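To start, the structure itself, in structure tokens.
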Amino acid sequence: MTTPHNDRRVAVVTGASAGIGAATAKTLASLGFHVVCVARRADRIEAVAAEIGGTAIVADVTDDDAVDALAAGLDRVDVLVNNAGGARGLEPVAAADLDHWRWMWETNVLGTLRVTKALLPALEASGDGLIVTVTSIAAFEVYDNGGGYTSAKHAQSALHRTLRGELLGKPVRLTEIAPGAVHTDFSLLRFDGDAARADAVYAGLTPLVAEDIAEVIGFVATRPSHVDLDQIVIRPRDQASATRYNRRT
Ligand code: 8X3
């Protein structure tokens, strides 16, 4: 069955069940897009999609069949927001948890690759496609104990930026959004549900919120088609780098 969109521009947002993805889905819907919300958690994306009159599609970006089914169900894709991903753990390379690394590479890197590859024909066919990939400041910084995440984000960014050349001459724009500290469940996931450890990441500073990033993605998606906002780094005023914060005690 093909997803109904009433001839509105279609935006596909991965990881749309919470955080930056959910906020982006809401922003794009408010700008007139029909939003296809993709995530693993059915109840969460169904709630987001119902709120914005969009479509919920349960799919894990690490699953070939699920992503193929996603692509097969869409007869139009104007915008793809590669947002699914995240961090697991914070440990030195010498003590690396291979499962953490594998999860981060599977979701951030191969997930972005799989979904982008599957939707590229439709994005090109739209005549004015846009791929937004949400990376991180970890796509160009490294920090102690963060090697699994920073290496995955570097690779995700390299994949995204490679497309900028490969698609030159095709009607597809590319925007990399590289956020710093955004207060979502990012740290809760990274620390396996340890709320005290997650809260400590944002203690004493004013982090970004998901809506700050979503608002920028909305701006990106509504520029004239000859304008490509290539890379955008967004940090809280209280953050100079992945490891330097202004914390008020
Ligand atoms: C996460 C960025 O600054 O929280 O992608 O490490 S930061």
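Take any residue in the sequence shown, note its place counting from 1, add 7, and you have its number in my numbering.
Cβ atoms here follow ideal geometry from the backbone N, Cα and C, with glycine treated the same way.
Quick caveat, the model's predicted, so the values are computed rather than measured.
Cβ-Cβ distance between residue i and residue j below 7 Å
i	j	result
Val-20	Cys-44	yes
Thr-142	Lys-160	yes
Gly-136	Val-179	yes
Pro-201	Ala-25	The identity of residue 201 in the sequence shown is Asp, whereas the question assumes Pro. No, the pair does not count as a contact, with Cβ atoms beyond the cut-off.
Asn-6	Gly-22	Residue 6 is absent from the structure shown; the chain starts at 8 and stops at 256.
Ile-4	Leu-77	No statement about residue 4 is possible, as the shown extent of the chain runs from 8 to 256 and does not include it.
Gly-187	Arg-242	yes
Leu-175	Ile-138	no
Leu-181	Leu-170	yes
Leu-126	Val-84	yes
Asn-152	Pro-214	no
Val-74	Arg-121	yes
Gly-80	Thr-140	no
Ala-185	Val-240	yes
Ala-54	Tyr-150	no
His-107	Gly-92	no
Residues near residue i by beta carbon distance below 7 Å, same chain, minus five either side
i	result
Gly-225	Thr-34, Leu-35, Leu-38
Tyr-156	Ala-94, Met-111, Ala-145
Arg-204	Phe-198
Ser-194	Ala-205, Val-208
Beta-carbon proximity list for residue i, same chain, < 6 Å, skipping 5 on both sides
i	result
Ala-221	Ala-30, Thr-31, Thr-34
Gly-211	Arg-254, Arg-255, Thr-256
Asp-235	Arg-180
Glu-218	Ala-30
Gly-28	Val-20, Gly-22, Asn-90
Host alpha helix (DSSP H) of residue i (start-end)
i	result
His-161	154-173
Ala-30	26-37
Arg-51	49-59
Ala-185	Note, Ala-185: premise wrong, no alpha helix (DSSP H); beta strand (DSSP E) at 179-186.
Gly-225	217-228
Arg-254	Arg-254 -> no alpha helix (DSSP H), and no H or E assigned at all.
Cys-197	The question names Cys, but residue 197 in the sequence shown is Arg. Arg-197 -> alpha helix (DSSP H) spans 193-197.
Asp-201	Here Asp-201 belongs to no alpha helix (DSSP H), and DSSP marks it neither H nor E.
Close Cβ partners of residue i (< 8 Å) along its chain, the five nearest in sequence each way excluded
i	result
Ala-49	Ala-63, Val-65
Bounding residues of the beta strand (DSSP E) (the contiguous stretch that carries residue i)
i	result
His-21	According to the sequence as given, residue 21 is Thr; it is not His. 17-21 is the extent of the beta strand (DSSP E) around Thr-21.
Val-274	Nothing about residue 274 can be reported from this structure: the residues present for the chain run from 8 to 256 only.
Ala-63	62-65
Val-240	238-241
beta-carbon residue i near the ligand HEM non-hydrogen atom, thresh 6 Å
i	result
Gly-187	You won't find the ligand HEM in this model; what it holds is the ligand 8X3.
* Asked: What are the complete alpha helix (DSSP H) segments, minimum 4 residues, inside the segment 85-152?
  -> 105-111, 119-132
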